[in-house]
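Trainee: Here it is, the structure, as structure tokens.
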Amino acid sequence: MVDARSVRPHIDALIEDAVRAAVAAGELPDVAAPGATVERPKDSTNGDFASTLAMRLGRAAMRPAPEIAAVIARHVASDPAVDPPTISGAFINFRLSDRFVQSEVERCIAEGAAFADITVGAGKRAQVEFVSANPTGPLHVGNGRGAAIGDALASALQAAGYAVEREYYVNDAGTQTDTFGETLYARYQQLFGREAPVPADGYPGQYMAGLAEEIKQEAGDRFLRDEGEPCPPALAQLGIELMVRHIRRTLDAFGVHYDRWFSERSLYEGESGFDTVMGLLREKGYLAEREGATWFTSSDLGEGKDNVVIRSDGRPTYYASDIAYHYDKFIRRGFDLVIDVWGADHHGHVSRVKTATGAVGGDGDALHILLYQLVTLKRGSEVVKLSKRSGEIITLDELIEEVGRDAARFFFLLRSPGSQMDFDLDLAVKQSSENPVFYVQYAHARLASILDRAKEQGLTPDGGDVALLTQPHELALIREMMRLPEIIETVANTFEPQHLPHYAMALATAFHTFNDAFKQQDDSSLKVITDNAELSRARLRLVLAAKIALARVLDVMGVDAPERM
RNA sequence: GCGGCUGUAGCUCAGUGGAUAGAGCAUCUGUCUUCGGAACAGAGGGUCGGGGGUUCGAAUCCCUCCAGCCGUACCA
34 MVDARSVRPH IDALIEDAVR AAVAAGELPD VAAPGATVER PKDSTNGDFA STLAMRLGRA
94 AMRPAPEIAA VIARHVASDP AVDPPTISGA FINFRLSDRF VQSEVERCIA EGAAFADITV
154 GAGKRAQVEF VSANPTGPLH VGNGRGAAIG DALASALQAA GYAVEREYYV NDAGTQTDTF
214 GETLYARYQQ LFGREAPVPA DGYPGQYMAG LAEEIKQEAG DRFLRDEGEP CPPALAQLGI
274 ELMVRHIRRT LDAFGVHYDR WFSERSLYEG ESGFDTVMGL LREKGYLAER EGATWFTSSD
334 LGEGKDNVVI RSDGRPTYYA SDIAYHYDKF IRRGFDLVID VWGADHHGHV SRVKTATGAV
394 GGDGDALHIL LYQLVTLKRG SEVVKLSKRS GEIITLDELI EEVGRDAARF FFLLRSPGSQ
454 MDFDLDLAVK QSSENPVFYV QYAHARLASI LDRAKEQGLT PDGGDVALLT QPHELALIRE
514 MMRLPEIIET VANTFEPQHL PHYAMALATA FHTFNDAFKQ QDDSSLKVIT DNAELSRARL
574 RLVLAAKIAL ARVLDVMGVD APERM
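Taking the numbering used here, I'd label the letters of the first sequence as residues 34 to 598.
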């Protein structure tokens, strides 16, 4: 049975059959026809789908492309899902039949939120690792962008059939952890009246003093050592744990929930991933000792330079951890698809990690590292650098508090990850059409409200006949709903989540247009709820289906779909 | 220096091989005595950073130049 998810390949098949028929009839030379020529026309007046096959065939068939198009179109078999094709230039244009469009309302209601789910990822396991900020401080606004992108991507992959795991990589080992410990210990000692300056390369933020205070409340002077002694390791670890807890709370508030929090330190424990990976690299001759350090000779694998994996003081670098971590993802856990969402300041690391992943037996092509650019906060046209309250960098907590999680997530997703974005704090809280978040959520609330109003009058969608949905605005709204599976597919294949909010806006507009068209025409028989109960029930079915579709795309974005506002 | 990302309407940005390059906001003009006006319809507005190339067809691919941002650690 053809539905919105399969109609494009279905039309492709119709075209391919038509070419074969034309060849058999001697009207076309026997040429190799490329498949997958069906696309969405930019301008909907050209129909719902169009094939560019004739243009691609033009030269091989030795005839003008428009003639080829006409020949092919003539041989397209009649089909219940599409009207007979038309020719425009060399495009072969298809319009979905009213009946097929109407049937999608029934399918949507029958399948509910799953109506847009697809199967491209069926049977495959995917991991999305995102945020993974060092637990040396609170999350900032940029981490929020990574959180919104990673979480939405994970949801889209789930909708595309993948078994998805969301993961946070906790950097609880290494130099920055040590620096964090030293800073924390300095703040801690200060609480006991000692002259202990924060290290020059430490973390100057006031939150560190707060953290020290918290620990003092809990543990008193238990971590205090003699003057001049270094930070006790247990204090650093406790500090990290508390920071991780704080980060987790922030992400909870943002609506992001992980399947696993993966400790970097665990790579060095037990059947150590680190040892395994170093053994593998040594075995393959990719390790070299120079200047007292151990280097991964990545330049042999096409990298610009070699990189240190074990420092001259014997401690592994973060790069070594990352190699072991990706070995764990690909080899130990066997993911088919791995997505790392990183801030753009890590881009120098991308190629190295892919190369190393390949060197230890992982599939570098199945590793997709998604970089997102920085976020500039603004109020109107004024750039906001620091928090008024703390005088320090603005945290994700503050952003959520100020604009709400829905607006924050929607705006973060709206821009493609690769472009630097301005986040206008004033705009995000505006309750007007300037603000796309409210525009979309309002559409959902309005849909809910229509169903409520109908129910008060004893009308429900039950028993409505979708064949009665013949008005242009009705069919246009259904057509918009039918695009959701395509949007899911695009996001799952390209890892570009910005299509989700753009689609949500388009669907909301289609609904508002549908809803207003009835008002504008000054004809009460055109409203959803009319004197004609049969017609009302049919339209309520459409309202119900549109509500399901809008709620679904919002759900994938991690944005609430309110019943009233 | 080398490398990456970005450059599209006044602003913020979609569009990465197809038809006359789109959306939102802003501006202007209208609609409806509102099943929720947080609405709708329409108009104006473009050397797609510049130049060259590939292609039946280029904002999209290649080369080159320019501008902005980021990277180029025995930091992460």
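Every residue, glycine too, gets a C-beta built ideally from N, C-alpha and C.
Along the chain, where does the alpha helix (DSSP H) that runs through R128 open and close?
Mentor: Taking the first sequence and counting its residues from 1, the one referred to as residue 128 is at position 95. Taken as a continuous stretch (DSSP letters only), R128 belongs to no alpha helix (DSSP H), as it is neither H nor E.
Trainee: Is there contact between the segment 453 to 468 and the segment 400 to 419, where contact requires at least three CB pairs shorter than 8 Å?
Mentor: Output reads yes: the segment 400 to 419 touches the segment 453 to 468.
Trainee: Mind reading off the beta-carbon distance from R570 to G491? Whole number of angstroms is fine, and I expect it under 8 Å.
Mentor: The count along the first sequence starts at 1 and reaches residue 570 at position 537. The count along the first sequence starts at 1 and reaches residue 491 at position 458. The Cβ separation is near 11 Å, so there is no contact.
Trainee: Using a Cβ-Cβ cutoff of less than 7 Å, which residues in the same chain neighbour S130 once the five nearest sequence positions on both sides are dropped?
Mentor: Here residue 130 refers to the residue found at position 97 when the first sequence is read from its first residue. Only P113, A114, V115 and D116 meet the Cβ criterion.
Trainee: Does the Cβ of L419 have 16 or more other Cβ atoms within 10 Å, making it buried, or fewer, making it exposed?
Mentor: Residue mapping note: residue 419 aligns to position 386 of the first sequence, counting from 1. When all chains shown are included, L419 counts as exposed.
Trainee: Under DSSP, the alpha helix (DSSP H) around N204 begins and ends at which residues?
Mentor: The residue given as residue 204 occupies position 171 in the first sequence. Careful: N204 lies outside any alpha helix (DSSP H) and carries neither H nor E.
Trainee: Taking only three categories from DSSP, how would you classify L403?
Mentor: Residue mapping note: residue 403 aligns to position 370 of the first sequence, counting from 1. Strand.
Trainee: In terms of alpha-carbon separation, which member of V576, A566 and G303 lies closest to A543?
Mentor: Along the first sequence, one-based indexing puts residue 543 at 510. Per the Cα distances, V576.
Trainee: First and last residue of the beta strand (DSSP E) that includes L419?
Mentor: Translated into the one-based positions of the first sequence, residue 419 becomes position 386. Note, L419: premise wrong, no beta strand (DSSP E); not H, not E.
Trainee: Candidates G68, R365 and D36: which alpha carbon is nearest S305's?
Mentor: The residue given as residue 305 occupies position 272 in the first sequence. Looking at the Cα atoms, R365 is the closest of the given residues.
Trainee: Helix, strand or coil for T409 per DSSP?
Mentor: Taking the first sequence and counting its residues from 1, the one referred to as residue 409 is at position 376. Strand at T409.
Trainee: Out of D373, D308 and F256, point me to the one whose CA is closest to V342's CA.
Mentor: Sequence index remark: in the first sequence, residue 342 carries index 309 (1-based). Looking at the Cα atoms, D308 is the closest of the given residues.
Trainee: Taking G312 as the reference, give the member of T327, D373 and R385 with the closest Cα.
Mentor: As a first step, residue 312 is located in the first sequence; it is residue number 279 there, counting from the start. That would be T327, whose Cα lies nearest to the Cα of G312.
Trainee: Take G367 as the anchor and find which of G156, S449, G335 and N340 has the nearest alpha-carbon.
Mentor: Counting from 1 along the first sequence, the entry for residue 367 is found at position 334. G367 has its Cα closest to that of G156, out of G156, S449, G335 and N340.
Trainee: Do the CB positions of V161 and I372 come within less than 8 Å of each other?
Mentor: Counted from its first residue, the first sequence places residue 161 at position 128. Counted from its first residue, the first sequence places residue 372 at position 339. Taking 8 Å as the Cβ cut-off, V161 and I372 qualify as a contacting pair.
Trainee: Which residues bound the alpha helix (DSSP H) around M590?
Mentor: Stepping through the first sequence from its first residue, residue 590 is reached at position 557. Note, M590: alpha helix (DSSP H), A566 to M590.
Trainee: If you draw a straight line from the C-alpha of S332 to the C-alpha of L320, how long is it?
Mentor: Mapped onto the first sequence, residue 332 falls at position 299. Mapped onto the first sequence, residue 320 falls at position 287. Going from the Cα of S332 to the Cα of L320 covers about 11 Å.
Trainee: In whole angstroms, give me the CA-to-CA distance for R344 and Y301.
Mentor: Along the first sequence, read from residue 1 onward, the residue named residue 344 stands at position 311. Along the first sequence, read from residue 1 onward, the residue named residue 301 stands at position 268. Between R344 and Y301, the C-alpha separation is close to 16 Å.
Trainee: Can you tell me where the alpha helix (DSSP H) holding A189 begins and where it ends?
Mentor: As a first step, residue 189 must be located in the first sequence, where it is residue number 156. Note, A189: alpha helix (DSSP H), V174 to A192.
Trainee: In whole angstroms, what separates the C-alpha of Q527 from that of E507?
Mentor: Your numbering for residue 527 matches position 494 in the first sequence. Your numbering for residue 507 matches position 474 in the first sequence. A small correction: the amino acid at residue 527 is Thr; Gln does not occupy that position in the sequence shown. Between T527 and E507, the C-alpha separation is close to 31 Å.
Trainee: What are the partner residues of S384, as DSSP defines its beta bridges?
Mentor: In the first sequence, the residue the question calls residue 384 occupies position 351. According to DSSP, S384 bridges with nothing at all.
Trainee: Please classify V231: does DSSP put it in a helix, a strand, or coil?
Mentor: The residue given as residue 231 occupies position 198 in the first sequence. If DSSP states are grouped into helix, strand and coil, V231 belongs with coil.
Trainee: Going by DSSP, which residues form a beta bridge with N167?
Mentor: Within the first sequence, residue 167 is the residue found at index 134, counting from 1. Partner(s): none; N167 has no beta bridge.
Trainee: Would you call the CB atoms of F336 and T388 closer than 8 Å?
Mentor: Start at 1 with the first residue of the first sequence, and residue 336 comes out as number 303. Start at 1 with the first residue of the first sequence, and residue 388 comes out as number 355. Before going on, a small fix: residue 336 reads as Glu here, not Phe. In this structure, T388 lies closer than 8 Å to E336 by Cβ.
Trainee: Please classify D355: is it buried, with 16 or more other beta-carbons within 10 angstroms of its beta-carbon, or exposed?
Mentor: The residue labelled residue 355 in the question sits at position 322 within the first sequence. Per the 10 Å Cβ criterion, buried.
Trainee: How is the alpha helix (DSSP H) around L313 delimited, first residue to last?
Mentor: The count along the first sequence starts at 1 and reaches residue 313 at position 280. G306 to E316 is the extent of the alpha helix (DSSP H) around L313.
Trainee: Strictly by DSSP, which residues pair up with I483?
Mentor: Taking the first residue of the first sequence as position 1, residue 483 is located at position 450. Its beta-bridge partners do not exist; DSSP assigns none.
Trainee: Apart from the five residues on each side of it in sequence, which residues of its chain come closer than 8 Å, Cβ to Cβ, to V417?
Mentor: Position 384 of the first sequence holds residue 417. Excluding positions up to five away in sequence, the list reads L410, K411, I427 and L458.
Trainee: Tell me whether the segment 119 to 126 and the segment 560 to 570 touch, counting them as touching only if at least three CB pairs, one residue from each stretch, are closer than 8 Å.
Mentor: Verdict: no, contact absent.
Trainee: Could you tell me the boundaries of the alpha helix (DSSP H) in which N526 lies?
Mentor: Reading the first sequence from its first residue, position 493 is the one you call residue 526. First-last of the alpha helix (DSSP H) with N526: L517 to T527.
Trainee: Assuming G214 and A269 make a contact with CB atoms under 8 Å, what is their CB distance in whole Å?
Mentor: Taking the first sequence and counting its residues from 1, the one referred to as residue 214 is at position 181. Taking the first sequence and counting its residues from 1, the one referred to as residue 269 is at position 236. With a Cβ gap of about 3 Å, G214 and A269 count as contacting.
Trainee: What are the start and end residues of the beta strand (DSSP E) that includes I343?
Mentor: Numbered from its first residue, the first sequence carries residue 343 at position 310. Looking at the DSSP string, the run of the beta strand (DSSP E) that includes I343 is N340 to I343.
Trainee: So which of R479, P232, A193 and H43 has the shortest CA-CA distance to F547?
Mentor: Within the first sequence, residue 547 is the residue found at index 514, counting from 1. Taking only the C-alpha atoms, the option nearest F547 is R479.
Trainee: Helix, strand or coil for F368 per DSSP?
Mentor: Residue numbering aside, residue 368 sits at position 335 when the first sequence is read from its first letter. The answer is coil: DSSP assigns F368 none of H, G, I, E or B.
Trainee: Within this structure, are the beta carbons of A185 and M590 separated by less than 8 Å?
Mentor: As a position in the first sequence, residue 185 is number 152, starting the count at 1. As a position in the first sequence, residue 590 is number 557, starting the count at 1. The answer is yes: Cβ separation under 8 Å.
Trainee: Skipping 5 residues on each side, what residues in its chain have a beta carbon closer than 8 Å to that of A189?
Mentor: Numbered from 1 along the first sequence, position 156 holds the residue referred to as residue 189. Closer than 8 Å at the Cβ level, and outside the excluded window around A189, lie I521, V524, A525, P530, L533 and V589.
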